[in-house]
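Below: one structure, written as structure tokens.
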């Protein structure tokens, strides 16, 4: 229809693949009476005329120099004889605008009662713009529907991998909360059995909060559980996790921070390991103060063999450990002020003396929501509380 309406020699539709920075020739319609024509490469690099079209918000037209050619052999502009016109095919508006491809018109043909080369003018421009808009609407709607289906599946998978309830460990009271800022988040927490019978309480954060981040976290969770089932040292589990995920993380240009606390029933000495995660907050009941255990280790994805080391932390009844993702400390109020580490520590000190683990988590979220005053966050929020209690108690 576009070919007939514009009376051009050739109409080409290119589908854009931003991951590979190439365009595929999806459709190439030519006049039957024009004789054999040069082929366009099936995969076209985003350069030259094609790059100009994809970057533009308007129509791009190039004239072929006399007795010359445009572009490299195999490119769409190289097969043009007199002119080539390009319109980007897009979907959405503003910062949500997505480039899906390009519609190209090559060489206006001589019509009835006309002879010699003709020029591509306003009529051809308007037709090309209209067809590009139709293509963008249809293809964009189809892509959105496919993405919605993928996101729904990813959400279901992510809900399934998060613990439905806290694990029970005599001598400890545990609680956690997770809130995603988008459809699929990159945060994760879990209670993972170690080979020696201890429970490893894990929290982790993949950079980004989209479908790819969520799927990377699913992969990390499966690998972590497999490694923990045959190892007893949290640091060695993290070392193996770093080695196993190094290539995937570097290839996708992502990184992963994580921390874990290993607890054993009736044992007030816990083991802590961190992979570049936020500092661990420790509330001490005896002094009514909050300590910070710094994390200066390497983020997962930076080194294939980071050599993590664990630390022993001695606890007493009433002491609390707080593991968290920076989505809570970096959240801002209407004045662009961050919640911050100091505020988080102060809220923990206020809540810890009189509440169980779930009460502390609920209190933290209440203060967090009050601080934001309904303002939506830009990152996921995950908090895990481990409270040391008298043997057999939860208070």
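In our numbering, the protein residues as written are 4 to 398.
We put the CB at the ideal spot given by N, CA and C, even for glycine.
Since the structure is predicted, the reported quantities are computational estimates derived from the model, not experimental observations.
Could you name the residues that DSSP lists as bridge partners for residue 48? Here the question's residue 48 lines up with position 45 in the chain shown. Checking the DSSP bridge columns, you'll see residue 48 partnered with 25.
Just to confirm before moving on: does the CB-CB distance between residue 360 and residue 390 stay below 8 Å? Here residue 360 refers to the residue found at position 357 when the chain shown is read from its first residue. Here residue 390 refers to the residue found at position 387 when the chain shown is read from its first residue. Yes.
Could you say which of 5, 48, 239, 281 lies nearest to residue 21 if we only look at CA atoms? Looking up residue 21 in the chain shown gives position 18. Considering only alpha carbons, the answer is 48.
Residue 5 bridges to which residues according to DSSP? Locating residue 5 in the chain shown gives position 2, counting from the first residue. DSSP, once it has assigned bridges, lists no residue as partnering residue 5.
Distance, residue 179 Cα to residue 292 Cα: For the purposes of this step, residue 292 is taken as residue 289 along the chain shown, with counting starting at 1. For the purposes of this step, residue 179 is taken as residue 176 along the chain shown, with counting starting at 1. If you take the alpha carbons of residue 292 and residue 179, they lie about 22 Å apart.
How should residue 300 be labelled, buried or exposed, when 16 other C-beta atoms within 10 angstroms of its C-beta is the threshold for buried? Counting from 1 along the chain shown, the entry for residue 300 is found at position 297. Label assigned to residue 300: buried.
Is the segment 164 to 181 in contact with the segment 226 to 237, if contact means three or more CB pairs nearer than 8 Å? no
Since residue 177 is in the beta strand (DSSP E), which residue starts that stretch and which ends it? Within the chain shown, numbered from 1, the residue matching residue 177 stands at position 174. First-last of the beta strand (DSSP E) with residue 177: 175 to 182.
With a threshold of 16 other CB atoms inside 10 Å of the CB of residue 280, please say whether the residue is buried or exposed. For the purposes of this step, residue 280 is taken as the residue at position 277 of the chain shown. Buried, by the Cβ-count rule.
For the candidate residues 208, 57, 79, 61, whose alpha-carbon lies nearest to that of residue 67? Taking the chain shown and counting its residues from 1, one reaches residue 67 at position 64. Checked all of 208, 57, 79, 61; the closest Cα to residue 67 is 79.
Start-to-end residues for the alpha helix (DSSP H) that takes in residue 168: As a working note, residue 168 is residue 165 in the chain shown. Segment: none, residue 168 is in no alpha helix (DSSP H) and carries neither H nor E.
Helix, strand or coil at residue 57 according to DSSP, with G and I counted as helix: Residue 57 sits at position 54 when you count from the first residue of the chain shown. Residue 57: helix per DSSP, three-state reduction.
Bridge partner(s) assigned by DSSP for residue 206: Residue 206 sits at position 203 when you count from the first residue of the chain shown. Paired residues: 192, 262.
State the DSSP-derived secondary structure class of residue 360, mapped to helix, strand or coil. Indexing the chain shown from 1 puts residue 360 at position 357. Reduced to three states, the DSSP call for residue 360 is helix.
Measure how close the beta-carbons of residue 190 and residue 343 come, nearest whole angstrom, since I'm counting them as under 8 Å. For the purposes of this step, residue 190 is taken as residue 187 along the chain shown, with counting starting at 1. For the purposes of this step, residue 343 is taken as residue 340 along the chain shown, with counting starting at 1. About 19 Å; that fails the 8 Å criterion.
Proximity of residue 264 and residue 311 at Cβ, strictly below 8 Å: On the chain shown, residue 264 is found 261 positions in, with the first residue counted as 1. On the chain shown, residue 311 is found 308 positions in, with the first residue counted as 1. Contact flag unset, no.
According to DSSP, is residue 292 part of a helix, a strand, or is it coil? Locating residue 292 in the chain shown gives position 289, where the first residue counts as 1. The three-state secondary structure of residue 292, taken from DSSP, is strand.
Alpha carbons only, please: which of 147, 86, 218, 336 is nearest the one belonging to residue 110? Working through the chain shown from its first residue, we reach residue 110 at position 107. Per the C-alpha coordinates, the member of 147, 86, 218, 336 positioned closest to residue 110 is 86.
Along the chain, which unbroken stretches of the alpha helix (DSSP H) at least 4 residues long are found entirely within the segment 61 to 139? Segments of the alpha helix (DSSP H) lying fully in the segment 61 to 139: there are none.
Could you pull out every unbroken beta strand (DSSP E) segment of at least 3 residues lying fully inside the segment 296 to 359, listed in chain order? 314 to 317, 323 to 327
Reference residue 326, options 55, 84, 282, 135, closest by Cα: Numbered from 1 along the chain shown, position 323 holds the residue referred to as residue 326. Selected option, being the one with the closest Cα: 282.
How close, in whole Å, do the beta carbons of residue 246 and residue 289 come, if the pair is a contact with beta carbons under 8 Å? Along the chain shown, read from residue 1 onward, the residue named residue 246 stands at position 243. Along the chain shown, read from residue 1 onward, the residue named residue 289 stands at position 286. Going by Cβ atoms, the distance from residue 246 to residue 289 rounds to 40 Å, so no, they are not a contact pair.
Can you give me the Cβ contacts of residue 102 inside the same chain, cut-off strictly under 8 Å, excluding the 5 residues immediately before and after it? Here residue 102 refers to the residue found at position 99 of the chain shown. Excluding its 5 nearest sequence neighbours in each direction, residue 102 has C-beta neighbours in its own chain below 8 Å: 19, 21, 57, 91, 92, 93, listed in chain order.
Which same chain residues end up closer than 8 Å to residue 52 when comparing Cβ atoms and leaving out the 5 residues on each side of it in sequence? Position 49 of the chain shown, counted from the start, is the residue given in the question as residue 52. Result list for residue 52: 63, 65, 73, 74, 78, 79, 80, 87, 89, in chain order.
I think residue 41 touches residue 82, with their Cβ atoms under 8 Å apart; what is that distance to the nearest whole Å? In the chain shown, counting from the first residue as 1, residue 41 sits at position 38. In the chain shown, counting from the first residue as 1, residue 82 sits at position 79. Their Cβ separation, rounded to whole angstroms, is 4 Å, which keeps residue 41 and residue 82 in contact under 8 Å.
Go ahead and pull the three-state DSSP assignment for residue 200. Reading the chain shown from its first residue, position 197 is the one you call residue 200. Here residue 200 sits in coil by DSSP.
Who are residue 32's beta bridge partners in DSSP? Position 29 of the chain shown, counted from the start, is the residue given in the question as residue 32. DSSP lists 14 as partners of residue 32.
Three-state secondary structure assigned by DSSP to residue 394: As a first step, residue 394 must be located in the chain shown, where it is residue number 391. Three-state result, residue 394: coil.
Can you tell me whether residue 332 is buried or exposed? The criterion is at least 16 other CB atoms within 10 Å of its CB, across all chains shown. On the chain shown, residue 332 is found 329 positions in, with the first residue counted as 1. Looking at its Cβ environment, which holds 16 or more other Cβ atoms inside 10 Å, residue 332 is buried.
Starting from the C-beta of residue 269, find all residues in its chain whose C-beta is less than 7 Å away, skip the five residues before and the five after it, and write them out in chain order. Walking along the chain shown from the start, residue 269 turns up at place 266. In its chain, beyond the 5 residues on either side, 173, 174, 394 have a beta carbon closer than 7 Å to the beta carbon of residue 269.
Please classify residue 9 as buried or exposed, where buried requires at least 16 other C-beta atoms within 10 Å of its C-beta. Here residue 9 is taken as the residue at index 6 of the chain shown, counted from 1. The residue in question, residue 9, is buried, as its Cβ has 16 or more Cβ neighbours within 10 Å.
Alpha carbon to alpha carbon, how far is residue 297 from residue 309? Give it in angstroms, no decimals. In the chain shown, the residue the question calls residue 309 occupies position 306. In the chain shown, the residue the question calls residue 297 occupies position 294. Going from the Cα of residue 309 to the Cα of residue 297 covers about 17 Å.
Excluding the 5 residues flanking residue 267 on each side, which residues of the same chain have their C-beta closer than 6 Å to its C-beta? Position 264 of the chain shown, counted from the start, is the residue given in the question as residue 267. Leaving aside the five residues that flank residue 267 on each side, the residues in its chain whose CB is nearer than 6 Å to its CB run, in chain order, 201.
So what's residue 41 in DSSP terms, helix, strand or just coil? Taking the first residue of the chain shown as position 1, residue 41 is located at position 38. Coil.
Considering only residues of the same chain and omitting the five flanking positions on each side of residue 6, which have a CB-CB separation below 6 Å? Counting from 1 along the chain shown, the entry for residue 6 is found at position 3. Once the five neighbours on either side are set aside, the close Cβ partners of residue 6 are 14, 32.
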